[in-house]
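Heads up, the thing below is written out as C-alpha cells.
Protein chains in written order, with our numbering: chain A, 1207 to 1499; chain W, 30 to 227.
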C-alpha cells in the first residue's frame, strides 16, 4: 500500500508530528521491519522508520471502522463496476482495512486474502481490528503462486484487488503481462480487477501499456496514488457507474466517506506514452523503472 | 597469450555463473514467488553444484591437462545452459503443478535447471589453477590470482546483470548472449591451446 507522496511539502508539514509519534510495536519479519506507531488517536502500520512517507495502513482508534486513506475509498469504487460480488480476492493485506470493510458491507461475500508476510497478518489482527469472519480466508503465501494454484483448482472471482506494493517496493513478478493474464483468467466474465499502484515515475508508462495489453481500456483514477479499475469484458459507462455509486451512499458513509467523493476522477483518457515497453516475465525491471522519476 | 586466455576463461566463467544465478531468480518467481526461501534454494543449489564441480575439475586435471580442455569445459557449461533457456517455463509449470510447497518446489526447480551447468562451471577454477602452477613455490600465488580473477568476474556479472542488463534486455536475450560469449571464448581457448600445452 502506498501513501501519497507530496514530496517535500508533506515532509515539512508532517515532521513535527513525527516527533510526537509513539512506537507501539516493532518486529523484524522475514521480509521487512514491521512498525506500529500511534499519534493523536491514529495508529499506523509502517515498513520504514520514516513513517511519514511509508504508512501502509492507519486506523482511528475511536472509530476503527473508518477508512483513513483516500486510496482505499477509490479501491472500493471497484464495487461501482461489480456491485454485488459473490467472492473477492485481495492480494496484500496491510492492516486489513479493505477486507474488514468489505466483509462488513457484504456479509455473504466470500473473501480470500493473500499475504506473504505472516508478521503482517499477526499485527493486523492484534493492532488493527482485523477479525476475519467465517467467510474470510487468509492465505500466507506469495500472490503469484496463489493465483496459479487457484487457476489450476478452477476457482474464479468477481473482484480481485491488487494491493501488494508498499511505498517503494514492487514485487516484480506481480506486474507483468503474464501475471495480469492469469488474473484475468481468474476473473469471472464481467469480473473486475482493482489495482493500487504508483502515479509518478517512468514505470507509469510501462504499467499502463501492460494493463492495456491485457485488459484493453480501463478506468484510471489518480489522486496521489493511482487506482486502475479494469474489467474482464467491456467497461460500464460513466453514467452507469454514477448510477451504481448512489446505492453505496449509506455503507460508504459508515466507512467515513462519500460515495461520490472520487467520481470525477474516473477517466479512460490515455495520459501515458503508448510506445513504452510492455512488462513481461522476461522483462520486468519494475523497481529500476519506478526509481527513475 | 596462454596466461591471458586462462584468466579470461576463469573471469568470464565467474561472470557467467552469477548472471545465470540472478536470472534464475527471475525464472522461478512466477512459479514459486520471490520469497527469501526461493533465493535460499537457488543459492544452495549453486553452491552445492560448484562444490562438486571443484572436486571433479581438480580430479580431471590430473590426466593430460591443457588449455583446449579448459575451453571445452567452458563450452560445455554454455551448452548445458541451452535446455534451461528453451524449457524453463515448461519444466517449472510442470513442477509447480506437482509440488505445492514453495520451498521444496524451488529447491527441485533450481536443481533441475541449474545443477548440471553449474557443476561444469565449477570445474573451471581448479582446472585453470593446474594449468597456471609451474612449481610448488608459486602455487599459492597463482591460485590467489586465479581466485581473484574468477571472483572479480562474478562480482562484475552480478552487478552488470542486476543494475543494467535487466533494464534493457529480456532474460532469455541475456542468457543467449552469455552462452554465445562462452562459446566464443571457449573456441578461442581451443585455438590458443593448439600449439602449446603444459
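All C-beta atoms in this analysis are idealised placements derived from N, C-alpha and C, irrespective of residue type, glycine included.
The alpha carbon of residue 150/W has as its nearest neighbour, out of 130/W, 43/W, 195/W, the alpha carbon of 43/W. Put simply, the segment 1282-1302 of chain A touches the segment 1357-1371 of chain A. At least three CB pairs are less than 8 Å apart. In this structure residue 128/W is not in contact with residue 78/W, their Cβ atoms being roughly 20 Å apart against a cut-off of 8 Å. In the structure shown, the three-state DSSP call for residue 59/W is helix. Ranked by Cα distance from residue 114/W, the first of 153/W, 219/W, 56/W is 56/W. Residue 1389/A is positioned such that its CB atom lies no closer than 9 Å to that of residue 1415/A.
Bridge partners of residue 1266/A according to DSSP: 1248/A, 1269/A. Residue environment analysis places residue 1262/A among the buried positions, since at least 16 neighbouring C-beta atoms fall within 10 angstroms of its C-beta. Collapsing the DSSP output to three states places residue 1261/A in a strand. With respect to the 9 Å criterion, residue 99/W and residue 186/W are not classified as neighbours on the basis of their beta carbons. At a beta-carbon threshold of 7 Å, the residues of chain W lying near residue 1488/A are 199, 200, 201, ordered along the chain.
Chain order gives the chain W residues near residue 1236/A as 65, where near means a beta carbon separation below 7 Å. DSSP places residue 1237/A in the coil class of the three-state scheme, outside both helix and strand.
Within the segment 1323-1375 of chain A, the beta strand (DSSP E) runs of at least 3 residues that lie entirely inside it are, in chain order, 1342-1345, 1363-1368. Residue contact check for residue 132/W against chain A: no CB pair falls below 9 Å. If you check the CB distance, residue 1267/A and residue 1244/A come in under 9 Å.
Across the structure, residue 1471/A and residue 1462/A are spaced so that their CA atoms are roughly 19 Å apart.
Residues of chain A whose Cβ lies closer than 9 Å to the Cβ of residue 59/W are, in chain order, 1350, 1351, 1354, 1379, 1382, 1384, 1385, 1388, 1487. Residue 1491/A reaches chain W at 195, 196, counting residues in chain order whose Cβ is nearer than 8 Å. Separation of residue 117/W and residue 197/W (C-alpha to C-alpha, rounded to the nearest whole angstrom) is 21 Å. For the C-beta of residue 154/W, not a single chain A residue is nearer than 7 Å; the gap to the nearest is close to 31 Å. The segment 1282-1296 of chain A makes contact with the segment 1314-1321 of chain A, as at least three CB pairs between them are under 8 Å. With distances taken between CA atoms, residue 1429/A lies nearest to 1276/A out of 1252/A, 1265/A, 1254/A, 1276/A. The CB of residue 129/W comes closer than 9 Å to the CB of 1351, 1355 in chain A, given here in chain order. Under the Cβ distance rule, residue 1265/A does not count among the residues neighbouring chain W, no pair being separated by less than 9 Å. Within the segment 108-126 of chain W, those residues whose Cβ lies closer than 9 Å to any Cβ of chain A are, in chain order, 118, 122, 125, 126. Cβ contact annotation for residue 48/W (same chain, cutoff 6 Å, sequence separation greater than five): 186, 190, 207, in chain order. For residue 55/W, a Cβ of chain A is located within less than 9 Å of the residue's own Cβ.
From the listed residues 1454/A, 1372/A, 1402/A, 1312/A, the smallest Cα separation to residue 1257/A is found for 1372/A.
Look at residue 1293/A here: in three-state DSSP terms it is strand. One alpha carbon belongs to residue 119/W, the other to residue 1445/A, and they sit about 45 Å apart. Contact between the segment 1228-1237 of chain A and the segment 1323-1343 of chain A is established, with three or more Cβ pairs separated by less than 8 Å. A straight line joining the alpha-carbon of residue 70/W with that of residue 1458/A spans about 46 Å.
For residue 1426/A, the enclosing beta strand (DSSP E) stretches over residues 1425-1429. Relative to residue 1341/A, the option among 1362/A, 1308/A, 1361/A, 1358/A whose CA is nearest is 1308/A.
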